[in-house]
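Working notes, beginning with the structure itself.
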Ligand code: GLY
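In my numbering, the protein residues as written are 20 to 583.
Spelled out as structure tokens, the structure:
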């Protein structure tokens, strides 16, 4: 018997396309039953998952991932910077840890101004004077002391090995390291590990022996392996040679702080995020409150009306940030008032669908964002039901670009997050005033927003991102994507983002988010645009309706969620 195959071609093609399409969709979703780590680098996520599989909890994994990122993601992962962690224990207890850097004790409010009161170009961004006292190592020790369940030494082992034996660079990392070579050479010996004689290429091995020795000292002596002894000596020597102002006393006195997180509400979801000295939690809760009041979910996702309403909300929130927020150990931050319904009722009442806020309501000043926004975030859940959301940074990409000689780690340039002169924009274009003025031992204001969302008092989402000032708006939009637009975790991360921060008066938007018709009608309303190739690099985990962990890791970077 003979078959005529031509009649089968079309059905076979349809079945194949359907099959490929469904494979792709499934491939995109990372699902797991027991635990998950979503971070900026595959090797760091793997380190965390290995710890979880070996019986460690989310806090053990978080500390291991933090140290691993200091090796495999040197542009933001760090031991020379600081950050914030928000956690939720399996019994529903929530809390947060502030391991933000502090200004060296001899810092002064005008330290970046010349005799004419003008800002020295780059002094708060590049070199030794740009750094705050690092908080990461103290933070990780505190986190492990309180919640860790496996031996500290085991937790440090993977990063010691990765730095001593080396790891293969991704393509993005090779490009990034090549782009920073000139700046690194200006401030360091050409022999530092991050500099290669020839151009770095994908799969080249990055070996960091000095960093490995520092991590070994931290493995043996915990905080004393960093804040005193050999590492501290090398750090102070580096500072003295580069006219920096750290003292041994500053290092010894550094202490991270357990703080109450900011807790807000959005449509019966609890929003748990970081309070001052981060502006993230307050600003996020304010934005969500505005979105609920103005029913933004009535508008099509990323449509003209949606973008208009969201950016009107965002710009009003950033105005508060500049005025009221700073280090709560130095000033009274009116946190409760700022997220109260009464206050916010008034704040958002002037927003209408058809009018952009008149420019007379916006302070003058031309502000440019001129540097990439580094920082890194990871999210972890474990089989015991604990969750941690942690954002950590050295501020700009590769921080101050100073590698501590002999100790192999980069120092932050977090001093630029202070308001170095009232009204003068930092590298993210953010302005500030008195509340965030420089003082010795004070923490600089941050936008980092590690966040946990509960639905009906159960864990729903763990999320966060790098991105400087865009962190808060990316977290805000990702929450809306899941709660209001029913996206799964990966879709919510993939979705195009946009951002308004009051000053400059412009919508910063990812390329190809909207078509020209929408753009032109927003321009007619008075909106301005600034396009960017990408905004944020989210690392998130959702507990889906079947109770499985669903990863969302940003393809804008090398980020990856790994579960088991
Ligand atoms: N360094 C960026 C931030 O803390 O917001």
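For glycine and all other residues, C-beta sits at the position ideal for the given N, C-alpha and C.
(message) What would DSSP say about residue 246, mapped onto helix, strand or coil?
(response) In the structure shown, residue 246 falls within a helical segment according to DSSP collapsed to helix, strand and coil.
(request) Leaving aside the five residues before and after residue 475 along the sequence, list all residues of the same chain whose C-beta is less than 8 Å from its C-beta, in chain order. (result) Excluding sequence neighbours, residue 475 sits near 287.
(request) Report the partner residues of residue 495 according to the DSSP bridge assignment. (result) Answer is none; residue 495 lacks a bridge partner.
(request) Might you give, ordered along the chain, the residues of its own chain that have their beta carbon closer than 7 Å to the beta carbon of residue 83, omitting 5 neighbours on each side? (result) Once the five neighbours on either side are set aside, the close Cβ partners of residue 83 are 66, 67, 70, 174 and 177.
(request) Please determine, among 354, 336, 342 and 345, the residue with the shortest C-alpha to C-alpha distance to residue 368. (result) Selected option, being the one with the closest Cα: 336.
(message) My output table needs one value for residue 59: the three-state DSSP class, helix, strand or coil.
(response) Residue state, collapsed to three classes: coil.
(message) With the cut-off set at 8 Å, would you say residue 157 and residue 273 are in Cβ contact?
(response) For residue 157 and residue 273, yes; Cβs fall inside 8 Å.
(message) Please report the distance separating the alpha-carbon of residue 115 from that of residue 216.
(response) About 43 Å.
(request) Helix, strand or coil for residue 117, going by three-state DSSP, please let me know. (result) Here residue 117 sits in strand by DSSP.
(request) Check residue 65 in the structure and name its three-state DSSP category. (result) Three-state DSSP puts residue 65 in a helix.
(message) Quick check: does the Cβ of residue 7 come within less than 7 Å of any heavy atom belonging to ligand 1?
(response) It is not possible to answer for residue 7, since the shown part of the chain is limited to 20 through 583.
(message) What does the alpha-carbon distance come out to for the pair residue 237 and residue 503?
(response) When rounded, the distance between both Cα atoms is 45 Å.
(request) Could you please give me the residues that DSSP links to residue 277 through a beta bridge? (result) DSSP lists 116 as partners of residue 277.
(request) Sort 197, 556, 112 and 462 by Cα distance to residue 578 and report the nearest one. (result) The residue with the shortest Cα to Cα distance from residue 578 is 556.
(message) With a threshold of 6 Å on Cβ separation, who are the neighbours of residue 332 within its own chain once the five nearest residues in sequence on each side are excluded?
(response) Apart from sequence neighbours up to five positions away, the residues of its chain that approach residue 332 with a beta-carbon distance below 6 Å are 306 and 309, ordered along the chain.
(request) Helix, strand or coil for residue 209, going by three-state DSSP, please let me know. (result) Three-state DSSP puts residue 209 in coil, outside helix and strand.
(request) Just the C-alpha distance for residue 132 and residue 523, rounded to the nearest angstrom, thanks. (result) Taking the straight line joining both Cα atoms gives about 23 Å.
(message) Between which two residues does the alpha helix (DSSP H) holding residue 333 run?
(response) Membership of residue 333 in the alpha helix (DSSP H) is indicated by the continuous run 323-343.
(message) Helix, strand or coil, according to DSSP, for residue 41 in the structure here?
(response) Note that residue 41 scores a pLDDT of 38, beneath 50, so its modelled location is shaky; the value from the coordinates is reported in the next line. If DSSP states are grouped into helix, strand and coil, residue 41 belongs with the helices.
(message) Are there any heavy atoms of ligand 1 lying less than 7 Å away from the beta-carbon of residue 97, as far as the coordinates show?
(response) In this structure, residue 97 has its CB at a distance of at least 7 Å from all heavy atoms of ligand 1.
(request) Starting from the C-beta of residue 418, find all residues in its chain whose C-beta is less than 7 Å away, skip the five residues before and the five after it, and write them out in chain order. (result) Taken in chain order, the residues that qualify are 99, 100, 429, 430, 431 and 432.
(request) Using only the heavy atoms of ligand 1, determine whether one of them is closer than 7 Å to the beta carbon of residue 493. (result) Checking the 7 Å criterion, the Cβ of residue 493 is out of range of every heavy atom belonging to ligand 1.
(request) Please state if the CB of residue 349 and the CB of residue 279 are separated by a distance shorter than 8 Å. (result) The answer is no: Cβ separation not under 8 Å.
(request) Report all residues from its chain with a CB closer than 7 Å to the CB of residue 403; omit the five preceding and five following residues, and keep chain order. (result) 76 and 109.
(message) Restricting to runs no shorter than 4 residues, where is the alpha helix (DSSP H) found entirely within the segment 254-298?
(response) The alpha helix (DSSP H) runs of length 4 or more contained entirely in the segment 254-298 are, from start to end of the chain, 267-272.
(request) Return yes when the Cβ of residue 447 is within less than 8 Å of the Cβ of residue 487, no when it is not. (result) For residue 487 and residue 447, yes; Cβs fall inside 8 Å.
(request) Taking residue 572 as part of the beta strand (DSSP E), name the residues at either end of that continuous run. (result) From DSSP, the beta strand (DSSP E) with residue 572 extends over 568-572.
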